[in-house]
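Under my numbering, the very last position in the sequence shown is 141; numbers go up by exactly one each time.
Comments concern the structure below.
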Amino acid sequence: MKIISPKKAISFLIRERRLPALNEILMSMGITIKKEKPRLPFFIQLEPTTRCNFNCIMCTRKKLNPARLNKDLTLEDFKVIIKQISPKRIQLQGMGEPFLNKNLHEILEEGKKEKNFYYCYY
Numbered sequence: 020m021k022i023i024s025p026k027k028a029i030s031f032l033i034r035e036r037r038l039p040a041l042n043e044i045l046m047s048m049g050i051t052i053k054k055e056k057p058r059l060p061f062f063i064q065l066e067p068t069t070r071c072n073f074n075c076i077m078c079t080r081k082k083l084n085p086a087r088l089n090k091d092l093t094l095e096d097f098k099v100i101i102k103q104i105s106p107k108r109i110q111l112q113g114m115g116e117p118f119l120n121k122n123l124h125e126i127l128e129e130g131k132k133e134k135n136f137y138y139c140y141y
């Protein structure tokens, strides 16, 4: 294994003004890493909505970014996610009350069309 001299490492840091990435360190030592295409997840969690009809004092929903509050998962977004990822299992959970999403029934029906596909509710 080839070791980088401290002088080379310091000159890299000064020149680039950043820390080297792991692949850069390995390449400088003559080690190449075979890049594999990342596998898609078998299981995903989706948040049907961030809306809620309660205001519980212990709920962390209040700490959400205001841009995320009171948003629903649309049927179109659900279809895009399923086409791109095609998971076998989806868990519907999140910071809101799922039944407040007016598209929930259509989302569930769309999910039924997929083979070997099931939902978990928590």
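In this text, a Cβ means the ideal position worked out from N, Cα and C, and glycines have one as well.
Every value quoted in this text rests on a predicted model; they were computed, and no experiment measured them.
Cβ-Cβ separation between residue 129 and residue 94: approximately 6 Å, consistent with a contact (criterion under 8 Å). Shown here for residue 68: same chain residues with a beta carbon closer than 6 Å to its own, the five before and five after excluded, namely 91, 115, 119, 120 in chain order. Residue state for residue 62 is assigned as strand, using DSSP reduced to three classes. Straight-line spacing of the CA atoms in residue 79 and residue 64 works out to 18 Å. In this structure, residue 84 and residue 70 do not form a Cβ contact; the two beta carbons are roughly 15 Å apart against a cut-off of 8 Å. In this structure, the straight-line span from the alpha carbon of residue 75 to that of residue 82 is close to 12 Å.
In the same chain as residue 59, and ignoring 5 residues on each side of it, the C-beta atoms closer than 6 Å to its own belong to 104, in chain order.
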